[in-house]
Ligand code: EPU
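Residue numbers (the numbering used here): 368 to 788.
Written out as structure tokens, the structure reads:
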């Protein structure tokens, strides 16, 4: 028997829930500990598969790591003398590519296999490599791995990105934090986790200005001292819970989030007829079940995030009228809608656009997650549907959502998991 998640739909989510620390911040901040010259401590990390993969990678490189899930991770990078990440470890998560920037910054040499992660498009990393080369590294792609070395050290430089890239911006920040001189990144990404990584590095003594704008200035320093740092809450988990609350016609308060990070989603939910209100660190989402269709075009921050397009388009399958989804970031991020069509959704997909005609009800069916956020979209669909939905390949969801069944059950969802053999 294969592992599957089982959801009996139709129960409104009600109550209060706390959001976990950000996955996409955690996967940048953990490699960044390698740049520190003293032990450092990270708090508020989400208890998810990607974090465990990074613990194994840091240990394989020789760092001492003490990880107590939901409390702290203490990393002593001083004994780390490795500079190569194995094929198996590189494949365990997309963000293994941050080891390139972190190891280059630490010891001017790095070898990492091309990353794994979700199959949502081609996902090249040419801009990361161009950034390393601008700082003076020799970068080669050999036998499926990237080898980067800067024999004369990394020298600060101007880096112009051809496309706005979150990963490229983070990787160049990592490599440049201890380079000689100043690096200026133009056309930088502005996502909240870029600001969070800059704050973490600055808390250790780095000199980074402008994170959160499209020009970031990094004055290299020689030494980074110890720090204790708590990562920001997960913007995408917050958004997924908001969508799930609306989808089940529920009333949920999400605590510990940053409402300003959620503005693009909140605006769309309000446009649909969902009630959204917020305070300093909480958002309440209420729905009476009457939803209007809306159009979504994914964009870089502060636009509508691609990572929420999938759960949001699941919600739109039962909204009144037509909704048009345009996925501009990835070529192949609409596969969840084909699965949700098995549950009765009316969807036409043309290249990167989906046209959804809202139906009154979805019906439970066996469906398969094809990536992390597709999995989240299927959970939303299952919560809305009549009857029982079986989600296969739920391990994708574990890559980015901490204890998702427990959180949803605490709000009244009927959800469980059957382990595979
Ligand atoms: N791109 C290039 N060349 C590059 C880098 C990117 O052409 O060198 C293109 C990509 O193919 C894509 C676009 O630029 O079309 C944006 O890619 P970006 O580099 O911004 O994405 P990423 O760093 O690979 C991160 C998150 C993703 C999230 C995107 C966009 C992490 C580990 N991943 O990916 O998160 O979708 O930014 O916000 O932070 C997820 O959490 O489910 C997830 C996929």
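Glycine included, each C-beta is placed from N, C-alpha and C at the ideal position. All of these numbers come straight from a predicted model, not from anything done at the bench.
request  = Would you list the residues sitting across from residue 584 in a DSSP beta bridge?
outcome  = By one-based count along the chain shown, residue 584 stands at place 217. Answer by DSSP bridge pairing, in chain order: 551, 576.
key: Assigned secondary structure, residue 427 (DSSP; H/G/I helix, E/B strand, else coil)   = On the chain shown, residue 427 is found 60 positions in, with the first residue counted as 1. Helix at residue 427.
query = Since residue 604 contacts residue 432 with CB under 8 angstroms, what's their CB separation in whole angstroms?
reply = The sequence position of residue 604 within the chain shown is 237, counting from 1. The sequence position of residue 432 within the chain shown is 65, counting from 1. Between residue 432 and residue 604 the Cβ distance is about 24 angstroms, and since that is not below 8 angstroms, they are no contact.
inquiry  = For a quick check, are the C-beta atoms of residue 685 and residue 673 less than 7 angstroms apart?
reply    = Working through the chain shown from its first residue, we reach residue 685 at position 318. Working through the chain shown from its first residue, we reach residue 673 at position 306. The answer is no: Cβ separation not under 7 angstroms.
query = When DSSP labels each residue in this structure, what does residue 589 get in the three-state scheme?
reply = The sequence position of residue 589 within the chain shown is 222, counting from 1. Here residue 589 sits in coil by DSSP.
ask   = Skipping 5 residues on each side, what residues in its chain have a beta carbon closer than 6 angstroms to that of residue 590?
value = For this step, residue 590 is matched to residue 223 along the chain shown. Cβ within range, chain order: 404.
request  = Please say whether residue 503 and residue 515 have beta carbons closer to each other than 7 angstroms?
outcome  = In the chain shown, counting from the first residue as 1, residue 515 sits at position 148. In the chain shown, counting from the first residue as 1, residue 503 sits at position 136. For residue 515 and residue 503, no; Cβs fall outside 7 angstroms.
query = How should residue 553 be labelled, buried or exposed, when 16 other C-beta atoms within 10 angstroms of its C-beta is the threshold for buried?
reply = Locating residue 553 in the chain shown gives position 186, counting from the first residue. Per the 10 Å Cβ criterion, exposed.
message = What would DSSP say about residue 626, mapped onto helix, strand or coil?
response = Within the chain shown, numbered from 1, the residue matching residue 626 stands at position 259. Looking at residue 626 - three-state DSSP - the assignment turns out to be helix.
request  = Tell me whether residue 388 counts as near ligand 1, meaning its Cβ is closer than 6 angstroms to at least one heavy atom of that ligand.
outcome  = Translated into positions along the chain shown, residue 388 becomes position 21. No, the Cβ of residue 388 stays beyond 6 angstroms of every heavy atom of ligand 1.
ask   = Does the distance from the CB of residue 628 to the CB of residue 391 come in under 7 angstroms?
value = Counting from one through the chain shown, the residue named residue 628 turns up at place 261. Counting from one through the chain shown, the residue named residue 391 turns up at place 24. Not a contact, by the Cβ cut-off of 7 angstroms.
key: Through-space distance from residue 721 to residue 658, alpha-carbon basis   = Looking up residue 658 in the chain shown gives position 291. Looking up residue 721 in the chain shown gives position 354. Answer to the nearest angstrom: the Cα atoms are 18 angstroms apart.
Where residue 457 falls, given that 16 or more other Cβ within 10 Å makes a residue buried = Taking the first residue of the chain shown as 1, we reach residue 457 at position 90. It is buried - the Cβ of residue 457 has at least 16 other Cβ atoms within 10 Å.
task = Check whether the Cβ atoms of residue 374 and residue 782 lie closer than 7 angstroms to each other.
result = Residue 374 sits at position 7 when you count from the first residue of the chain shown. Residue 782 sits at position 415 when you count from the first residue of the chain shown. Yes, the pair counts as a contact, with Cβ atoms nearer than the cut-off.
key: Assigned secondary structure, residue 773 (DSSP; H/G/I helix, E/B strand, else coil)   = Reading the chain shown from its first residue, position 406 is the one you call residue 773. Three-state result, residue 773: helix.
ask   = Does the Cβ of residue 600 lie closer than 6 angstroms to at least one heavy atom of ligand 1?
value = The count along the chain shown starts at 1 and reaches residue 600 at position 233. No - ligand 1 has no heavy atom lying nearer than 6 angstroms to the Cβ of residue 600.
key: Contiguous alpha helix (DSSP H) assignments of at least 4 residues, all confined to the segment 694 to 772   = 702 to 708, 739 to 751, 762 to 765
ask   = Looking at residue 534 and ligand 1, is the gap between the Cβ and the nearest heavy atom below 6 angstroms?
value = Position 167 of the chain shown holds residue 534. Because some heavy atom of ligand 1 lies under 6 angstroms away, the Cβ of residue 534 counts as near it: yes.
message = For ligand 1, is there any heavy atom lying closer than 6 angstroms to the beta carbon of residue 462?
response = Position 95 of the chain shown, counted from the first residue, corresponds to residue 462. Yes - ligand 1 has a heavy atom lying nearer than 6 angstroms to the Cβ of residue 462.
Contact the segment 748 to 758 vs the segment 724 to 740: 3+ CB pairs below 8 angstroms = yes
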